[in-house]
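Novice: Be aware that the sequence shown starts at 0, since it is given in numbering that gives the first Met the number 0, and climbs by one per residue. Just so you know, even glycine gets a beta-carbon here, dropped at the ideal spot from N, CA and C. Because the structure is a prediction, the values reported are computed rather than measured.
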Amino acid sequence: MMRTHHCGELTAENIGQQVTLAGWVNRRRQHGEHLAFLDIRDYTGLTQCVVDNTVDARSEYVITVTGTVTARVEGTVNRDLPTGEIELQDCIIEVLSEAEPPPFPIDERADKVDEMVRLKYRYLDLRRERMQRNLRLRSKINAAIRSAMANQDFIEVETPMLMPSTPEGAREFLVPSRQRPGNFYALPQSPQLYKQLLMVGGLDRYYQIARCLRDEDLRADRQYEFMQLDLEMSFVEVDDVLSAAEVGVLDAAEVATGVRPTEVPRITWHEAMERFGTDKPDIRFGMELVELTEVFAQTGFKAFSSAGSIKGIKVDGGASQYGRNKLDGLTDEAKAMGAKGLVWLKVIVPEAAEGEQGSDGVASGLAFQSPVAKFISADETASILSTMDATEGDLILIVADEWTTTCEVLGELRNRIGRPPVHEGPYKYLWVVDFPLFVGVDAATGRPKPGHHAFCHPHPDDLDKLESDPMSVRAWAYDLVLNGWELGSGSIRIHDPLLQRRVFALLGIDDEEADRRFGFFLDPFKFGAPPHGGFAYGIDRLSAILAGEENIREIIAFPKPSSGVDPMTGSPGEVDDGQLEELGLRVLPPAE
Ligand code: ASP
Numbered sequence: 000m001m002r003t004h005h006c007g008e009l010t011a012e013n014i015g016q017q018v019t020l021a022g023w024v025n026r027r028r029q030h031g032e033h034l035a036f037l038d039i040r041d042y043t044g045l046t047q048c049v050v051d052n053t054v055d056a057r058s059e060y061v062i063t064v065t066g067t068v069t070a071r072v073e074g075t076v077n078r079d080l081p082t083g084e085i086e087l088q089d090c091i092i093e094v095l096s097e098a099e100p101p102p103f104p105i106d107e108r109a110d111k112v113d114e115m116v117r118l119k120y121r122y123l124d125l126r127r128e129r130m131q132r133n134l135r136l137r138s139k140i141n142a143a144i145r146s147a148m149a150n151q152d153f154i155e156v157e158t159p160m161l162m163p164s165t166p167e168g169a170r171e172f173l174v175p176s177r178q179r180p181g182n183f184y185a186l187p188q189s190p191q192l193y194k195q196l197l198m199v200g201g202l203d204r205y206y207q208i209a210r211c212l213r214d215e216d217l218r219a220d221r222q223y224e225f226m227q228l229d230l231e232m233s234f235v236e237v238d239d240v241l242s243a244a245e246v247g248v249l250d251a252a253e254v255a256t257g258v259r260p261t262e263v264p265r266i267t268w269h270e271a272m273e274r275f276g277t278d279k280p281d282i283r284f285g286m287e288l289v290e291l292t293e294v295f296a297q298t299g300f301k302a303f304s305s306a307g308s309i310k311g312i313k314v315d316g317g318a319s320q321y322g323r324n325k326l327d328g329l330t331d332e333a334k335a336m337g338a339k340g341l342v343w344l345k346v347i348v349p350e351a352a353e354g355e356q357g358s359d360g361v362a363s364g365l366a367f368q369s370p371v372a373k374f375i376s377a378d379e380t381a382s383i384l385s386t387m388d389a390t391e392g393d394l395i396l397i398v399a400d401e402w403t404t405t406c407e408v409l410g411e412l413r414n415r416i417g418r419p420p421v422h423e424g425p426y427k428y429l430w431v432v433d434f435p436l437f438v439g440v441d442a443a444t445g446r447p448k449p450g451h452h453a454f455c456h457p458h459p460d461d462l463d464k465l466e467s468d469p470m471s472v473r474a475w476a477y478d479l480v481l482n483g484w485e486l487g488s489g490s491i492r493i494h495d496p497l498l499q500r501r502v503f504a505l506l507g508i509d510d511e512e513a514d515r516r517f518g519f520f521l522d523p524f525k526f527g528a529p530p531h532g533g534f535a536y537g538i539d540r541l542s543a544i545l546a547g548e549e550n551i552r553e554i555i556a557f558p559k560p561s562s563g564v565d566p567m568t569g570s571p572g573e574v575d576d577g578q579l580e581e582l583g584l585r586v587l588p589p590a591e
């Protein structure tokens, strides 16, 4: 070994020992006329070395230092540094690599440097404590997940990166085939089809830390390629999958934060929408949606009388925080999200209602200040106040629309008003189960779109409505949510080939097309497929949240910025004509 110790481990207990450290010069400072202080750094920390001024070793030079561990003199001890009680003296320095001055300081000051510069010089950025901490944390998370899976008798199986195009929903990356010009592989959106075939193959419990690739626009929580803990199990029901998947997530949380989450509540998708207005509720804060449709059953207020669903949220003490401008802003946001409008009511004691008409005459002595207060009867006022448990100074926001819009708009406003940053504790995990089988309609085909993907098992209680009322059919599909971020999704799968064809038919894929495109997947189910189900969660997202990072790029060694162009390697780049010819490809001139 080139070293006897790491740079962060020497303490007063080592005083008198001769040691050798290896690492990078972190900083050099002049010390009197003949000496210099040189901090040597590796991933464990720093050690101060006293060296002769003639030593030629500058920032980021790679060196070894052999010296004697010596107590620092009184007054120069640095309590903030684990090695702050000692320094190395009588040092012999060997320069292993010289270094040009780095483009940014290799410390926390680089956090303020333009991210593109950090990514261009990612190998330097990685030397920093933050990146070291994040990647090491991620490695621990991976290890915890692997052992959680192995302990539950899952076996790790790798699946192909080159595969056929599949109907999983995302845009795929295609790879041209040299041997069969004009033909393409797709890179896996996920190992979904292979893992189901592993179940047909009798593997029983599979997992993989799998790379998935989707050609979707990039943003803070999305990369073209990302890592998933992917699992599949045979002879199971929903609860079995949730319990097995949970162990890995909770073990990972425990190694990362030192605290094991005690419970992961389960709620249905319908309840999530009703209470939080979203399928990924952040349950760290209240401000739940309150049902008001009944309150307005007899209303004379036009905007409310014809609405299918009326709900409200209450902002405690919000009346004084939200002036006219802010409320107009919220109204505009609600409209941009598809609502016809947003009704706001400030809860006041009537004398305070200047200029606006209060809907008074209510036993509580409270009334509303609002442009629409005059349309709200005394009974309705009393009823809103008690249903929403509102008191003086509160702000109430109401949306009246069809059910989905009402829920989603209020869910979004709830998040905007009340949601803490995602990485801010506490960590609250939540299972959302019984997702709809289909969500919305594909504009191009007029067909229902799969809520998750085309292989989810419809809820058996809803099977008879599959063709007659497909949009009301629930699926045995579930998501895991952490602090309002979707961590992962899964489902019990269809294992009956006839049922799979019924679902394909609803999606507009007839038998002939199904055989042509997915025969490789459908045929195996004729040979005896066990009931099975699985789940997958994003390791980038999980690690980012557990590391307290808002951007998943901070826990990925070599991520792509949102342009998709990697400033370090310059990819994607052009290839030479010979390569294109071999693949039978010709590049068209850019579209006008
Ligand atoms: N393949 C799915 C996905 O990547 C997960 C699953 O259904 O197991 O989202």
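Taking Cβ to Cβ, would you say I493 is nearer than 8 Å to G532?
Specialist: Against a cut-off of 8 Å, the Cβ pair of G532 and I493 comes out as no contact.
Novice: If you draw a straight line from the alpha carbon of L134 to that of V258, how long is it in whole angstroms?
Specialist: Answer to the nearest angstrom: the Cα atoms are 20 Å apart.
Novice: Looking at R204 and I154, is the spacing between their C-beta atoms short of 8 Å?
Specialist: In this structure, R204 lies closer than 8 Å to I154 by Cβ.
Novice: Going by the C-beta, is Q191 closer than 7 Å to any heavy atom of the ligand ASP?
Specialist: Correct: Q191 has its Cβ closer than 7 Å to the ligand ASP.
Novice: Within a Cβ cutoff of 8 Å, which residues of the same chain sit near E355, ignoring the five residues on either side of it in sequence?
Specialist: Here the model assigns E355 a pLDDT of 49, short of 50, so the residue's position is not dependable, and the following value carries that caveat. Same-chain partners within the cutoff: Q368, S369, P370, A372.
Novice: Just to confirm, does H30 get its C-beta within under 7 Å of one of the non-hydrogen atoms of the ligand ASP?
Specialist: It does not: the Cβ of H30 is nowhere closer than 7 Å to a heavy atom of the ligand ASP.
Novice: In terms of residues, what are the limits of the beta strand (DSSP E) holding I92?
Specialist: Element bounds for I92: 85-96.
Novice: At a Cβ threshold of 8 Å, is A513 touching chain C?
Specialist: Among the chains of the structure shown, chain C does not appear; only one protein chain is present.
Novice: For the ligand ASP, is there any heavy atom lying closer than 7 Å to the beta carbon of A660?
Specialist: This structure cannot settle anything about residue 660, because the visible part of the chain is limited to 0 through 591.
Novice: Any heavy atom of the ligand ASP inside 7 Å of the beta-carbon of G489?
Specialist: Flag set: Cβ of G489 near the ligand ASP.
Novice: Under a three-way DSSP split, which group does A209 fall into?
Specialist: Strand.
Novice: Inspect the beta-carbon positions of A535 and L230 and report whether they are closer than 8 Å.
Specialist: Yes. Within cutoff.
Novice: Starting from the Cα of L226, find the closest Cα among R540, S305, G507, A251 and give me that residue.
Specialist: According to the sequence as given, residue 226 is Met; it is not Leu. The residue with the shortest Cα to Cα distance from M226 is R540.
Novice: Checking the sheet assignment: what are the DSSP bridge partners for R221?
Specialist: Answer is R218, bridged to R221.
Novice: Which residue comes first and which comes last in the beta strand (DSSP E) that contains V24?
Specialist: Here the beta strand (DSSP E) through V24 covers 17-30.
Novice: Return the Cβ separation of L394 and Y477 in integer angstroms, given the expectation that the two are a contact with Cβ distance under 8 Å.
Specialist: About 34 Å separates the two Cβ atoms, so there is no contact after all.
Novice: Could you pull out every residue in the same chain whose Cβ sits closer than 7 Å to the Cβ of I92, ignoring the five residues on either side in sequence?
Specialist: Hits under 7 Å: V50, V54, A56, I62, V64.
Novice: Exposed or buried, what is Q29 when buried is set at 16 or more other beta-carbons lying within 10 Å of its beta-carbon?
Specialist: Exposed, since its Cβ has fewer than 16 Cβ neighbours within 10 Å.
Novice: Does at least one heavy atom of the ligand ASP sit under 7 Å from the Cβ of C592?
Specialist: Any question about residue 592 goes unanswered here, given that the chain covers just 0 to 591.
Novice: With respect to 7 Å, is the separation between the Cβ of F517 and the closest non-hydrogen atom of the ligand ASP below this value?
Specialist: It does not: the Cβ of F517 is nowhere closer than 7 Å to a heavy atom of the ligand ASP.
Novice: Mind checking whether N550 and A219 have CB atoms under 8 Å apart?
Specialist: Taking 8 Å as the Cβ cut-off, N550 and A219 qualify as a contacting pair.
Novice: Given a threshold of 16 other Cβ atoms within 10 Å of its Cβ, counted over all protein chains shown, does P187 qualify as buried or as exposed?
Specialist: Buried, because 16 or more other Cβ atoms sit within 10 Å of the Cβ of P187.
Novice: Which residues mark the beginning and the end of the alpha helix (DSSP H) in which L615 is found?
Specialist: Since the first and last residues shown for the chain are 0 and 591, residue 615 lies out of range.
Novice: Around the Cβ of F519, are there at least 16 other Cβ atoms within 10 angstroms (buried) or fewer (exposed)?
Specialist: Exposed.
Novice: Checking 8 Å against the spacing of the C-beta atoms, do A302 and A243 come in under that value?
Specialist: Cβ distance not < 8 Å, so A302 and A243 don't count as in contact.
Novice: For G7 versus G44, is the C-beta distance shorter than 8 Å?
Specialist: It is a contact, given that the beta carbons lie within the stated cut-off.
Novice: According to DSSP, simplified to helix, strand and coil, what is D460?
Specialist: Here D460 sits in helix by DSSP.
Novice: Kindly indicate which three-state DSSP category A590 falls into: helix, strand or coil?
Specialist: DSSP places A590 in coil when its eight states are reduced to three.
Novice: For G247, count neighbouring C-beta atoms within 10 Å of its own C-beta (all shown protein chains included) and say buried if the count is 16 or more, exposed if not.
Specialist: It is buried - the Cβ of G247 has at least 16 other Cβ atoms within 10 Å.
Novice: Using 8 Å for Cβ pairs, my map puts T292 next to E379. What's the rounded Cβ distance?
Specialist: Contact flag wrong, Cβ pair sits at about 12 Å.
Novice: In the DSSP assignment, find the alpha helix (DSSP H) that holds V76 and state where it starts and stops.
Specialist: Run containing V76: none; DSSP gives neither H nor E here.
Novice: Between the Cα of E553 and those of M470, E114, L584, R516, spot the shortest distance and give me the residue it belongs to.
Specialist: For the residues M470, E114, L584, R516, the minimum Cα distance to E553 belongs to E114.
Novice: Going by alpha carbons, who is nearest to D250 out of F557, S542, S570, P566?
Specialist: Measuring from the Cα of D250, the nearest candidate turns out to be S542.
Novice: Enumerate in chain order the residues of its own chain whose CB-to-CB distance from A35 is below 6 Å, with the five nearest sequence positions on each side excluded.
Specialist: So the qualifying residues of the chain are R27, Q29, V50, N52.
Novice: From which residue to which residue does the alpha helix (DSSP H) around V320 run?
Specialist: Correcting the residue identity first, residue 320 is Gln in this sequence and not Val. It spans 317-320 - the alpha helix (DSSP H) in which Q320 sits, taken as one unbroken run.
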